[in-house]
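Notes to accompany the following structure.
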Amino acid sequence: MAIRFQLLHTDQAARCGHMDTPHGPVETPVFMAVGTQGTVKGLTPAQLRDVGVQVILGNTYHLALRPGADLIADLGGLHRFSGWDGPILTDSGGFQVYSLAQSRRIDDRAAVFRSHIDGALLELSPESAIAIQEKLGSDIAMCLDECPPFGTPPDYLRVAVRRTIHWAERCRDAHRRPDQALFGIVQGGTDLALRAECAEALRRLDFPGYALGGFSVGETPEQMAAALAPTAELLPADRPRYLMGVGRPQDILAGVAAGIDLFDCVLPTRNGRNAQAFTAEGVVRMRNARHRRDSAPLESGCGCYTCVRFSRAYLHHLFLAEEMLGPTLLSLHNVAFYCRLMAEVRRAIREGRFAEFAAVNLARWQAPA
RNA sequence: GCGUCGGCUGGGCACUGGCUGAGCCCAAGGGUCUGUAAAACCCCCGCAUCGCUGUGCAGGUUCAAUUCCUGCCCGACGCA
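Encoded structure:
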């Protein structure tokens, strides 16, 4: 058994748990930092550790293209290669079926990509996606899925769901590595019947964890929130549930309320590079002129290195001067903010006051800063 | 002092004897980002609601000058 998940506390549908992996323990609910190309952009493993990151992501498509799964395997696997010795989850490339739709074609056998780097062909089948992830040596691998955008006609949505189920079975059959867990992915868009069909089929395949995919692909946050709980409650309570790619802090609270345990999102790092900071009072855009002479920290009360050491005026200066330290310091703070938020979420669940905690935070984020 | 090239918006430029100088780039300012083709992209970029005002100054040529000519002023470069 590659992972062991224990449910420790529940507070209505919200769950607080503990997950052991081959590379260490994880307290849930958890936010996982996205490190697509074997790096959480702009941050070192030491910095990630320091702000409380427990798990990072890698990406099958991107790493297979460059530098190649065999090379990473030859160099000791993704943990050693990247210098991150904690838990790693690898995404299967299913999201690239969505985001690189212009340069791929898909059928029941496989998805074939035209490389965004040099145009070379890369075929991602359920079997090859598993083989690549086994070479990478992640603690948690994901099934290859088809992630259709919001607004996909019902007929095709059904095709995508059935293909995702079929592929999940092939992934499970292909998977060999005993020190790696393989999670199934529930698709179905905002169609609750399709979500239920997918969840039920995947449940029969008996995965050690289940993901909700196909969210934040164009639907409104309200539509997403409406589909979360009905889908999550169809999944076995004793397995971790992972809401893929979500999201903003308020979306994560909605996910926790729906019974989700694992989250990941590019927002803290991408927006950090683009000068936007997440704080308890809402988002702060560090390029704005109002910070030019502001000696206050980015977020008062935040204990991260960025907030302890630097002023808003300095961060503002770094972004206007296009210095690389700006994106690093803001990414660091944003990841710290997400990790701190999740620690507070876990405590609130343990203490049986998650609903109140969520309400207070949502109200603060919605107030004008 | 002479010569050359220039004077348009915070800076840098393009074009034009009439119907387009309110066009571009940069800076500044504002915004967007959800399993990362993103240290990216979008808007704005004279002022304001329609609309208004803007081509260094003074003359000249012309039906008409921001454009061509003369002088002056200012700037850069070159030569003394």
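In this text, residue positions in the first sequence follow my numbering: the first is 14, and each later residue adds one. For glycine and all other residues, C-beta sits at the position ideal for the given N, C-alpha and C. Note that the structure is a prediction, hence the values are computed from the model and not measured.
Item                                                                                                   : Value
Exposure of V373, with buried meaning 16 or more beta-carbon neighbours within 10 Å                    : exposed
Proximal residues to A386 (C-beta, below 7 Å), its chain only, five neighbours per side dropped        : Nothing can be reported for residue 386, as the shown portion of the chain is limited to 14 through 382.
Residues near Y169 in its chain [Cβ-Cβ closer than 8 Å; skip 5 each side]                              : P161
Complete alpha helix (DSSP H) runs within the stretch 188–223 (minimum length 4 residues, chain order) : 205–218
Distance, A59 Cα to G81 Cα                                                                             : 25 Å
Buried or exposed (CB count within 10 angstroms, at least 16 for buried), V321                         : exposed
Continuous alpha helix (DSSP H) stretch holding P38: start and end                                     : First-last for P38: 37–41, but that is the beta strand (DSSP E), not the alpha helix (DSSP H).
A154 - DSSP class collapsed to helix/strand/coil                                                       : strand
Given L354 as reference, the closest of T41, E335, G37, H330 once Cα atoms are compared                : T41
Per-residue burial, P191 [other beta carbons within 10 Å of its own, 16 or more giving buried]         : exposed
Exposed unless 16 or more other CB atoms sit within 10 angstroms - verdict on I145                     : buried
From D274, N347, R208, C29, residue whose alpha carbon lies closest to that of A288                    : N347
Residue nearest to G132 in terms of C-alpha spacing, selected from L333, A123, S141, Q115              : Q115
Residue from V53, G197, E140 whose Cα sits closest to the Cα of A187                                   : E140
Beta-carbon proximity of M155 to T103, cut-off 8 Å                                                     : yes
Host alpha helix (DSSP H) of T282 (start-end)                                                          : 280–286
8 Å Cβ shell around L333 - same chain, five flanking residues per side excluded                        : R300
Beta-carbon separation (whole angstroms), F276 vs A27, contact threshold 8 Å                           : Not really, about 13 Å apart at Cβ, beyond 8 Å.
Contact between the stretch 74–94 and the stretch 302–309 (3+ Cβ pairs under 8 Å)                      : no
Short Cβ contact (8 Å threshold) for F18 with D251                                                     : yes
E136, DSSP secondary structure in three states                                                         : strand
Which residues DSSP lists as bridging C352, in chain order                                             : Bridge partners of C352: none, in fact.
Contact under 8 Å by Cβ, G51 with S95                                                                  : yes
Cβ distance (whole Å) where G201 is taken to contact L195 below 8 Å                                    : In fact, because the Cβ distance is near 20 Å, the residues do not count as touching under 8 Å.
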